[in-house]
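Residue numbers (the working numbering): 300 to 430.
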């Protein structure tokens, strides 16, 4: 049995675009770039891009059609977003990932991404139950 991830993937693409927009605002695209705190800008770009670079695992899992791979990939993303972006649970990190996202909360909604990961997780879990 297959499930429909279209809505989730659409929402995820919107989120990725929001993060890309925030990254652009921390680059030369921003007219005030030279006046910005370069240390803060570099940390924000680091955390913003870090929030996206592991999404390929989820993409490959969905592509494979394996509910277990999808579950595993979602668990990694959910754990990462909870520990890193929403709550910044490690004090030895460079910068403050939560702060990086809060500075761009007019654009980025990481809680929405977390909800999408949970939705995909729940659909994959239902697929396992159907087997």
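Positions of the beta carbon are idealized from the N, C-alpha and C atoms, including for glycine.
For residue i, collect the residues of the same chain with a Cβ closer than 6 Å to its Cβ; drop the 5 residues on either side in sequence, then sort them by chain order.
{"i": "residue 415", "result": "307, 310, 311"}
Excluding the 5 residues flanking residue i on each side, which residues of the same chain have their C-beta closer than 7 Å to its C-beta?
{"i": "residue 402", "result": "343"}
Looking at C-alpha atoms only, which residue of the options is the closest neighbour of residue i?
{"i": "residue 354", "options": "332, 419, 425", "result": "419"}
{"i": "residue 375", "options": "356, 363, 303", "result": "356"}
{"i": "residue 359", "options": "372, 386, 347, 349", "result": "372"}
{"i": "residue 385", "options": "409, 426, 429", "result": "409"}
{"i": "residue 393", "options": "327, 320, 330, 341", "result": "341"}
{"i": "residue 399", "options": "332, 329, 333, 348", "result": "348"}
Which of helix, strand or coil does DSSP assign to residue i?
{"i": "residue 345", "result": "helix"}
{"i": "residue 304", "result": "coil"}
{"i": "residue 358", "result": "helix"}
{"i": "residue 393", "result": "coil"}
Give the C-beta separation of residue i and residue j to the nearest angstrom, bearing in mind that I take them to be a contact with Cβ-Cβ under 8 Å.
{"i": "residue 351", "j": "residue 313", "result": "That pair is no contact at about 13 Å."}
{"i": "residue 304", "j": "residue 361", "result": "6 Å"}
Just to check, is the beta-carbon of residue i closer than 7 Å to a non-hydrogen atom of the ligand HEM?
{"i": "residue 400", "result": "Among the components modelled here there is no ligand, and therefore nothing to report on the ligand HEM."}
Just reading off the alpha helix (DSSP H) that residue i is part of, what are its end residues?
{"i": "residue 420", "result": "409-429"}
{"i": "residue 397", "result": "396-401"}
{"i": "residue 367", "result": "366-379"}
Between residue i and the rest of its own chain, which residues show a CB-CB distance below 8 Å, the 5 nearest in sequence each way excluded?
{"i": "residue 427", "result": "366, 367, 370"}
{"i": "residue 302", "result": "422, 423, 425, 426"}
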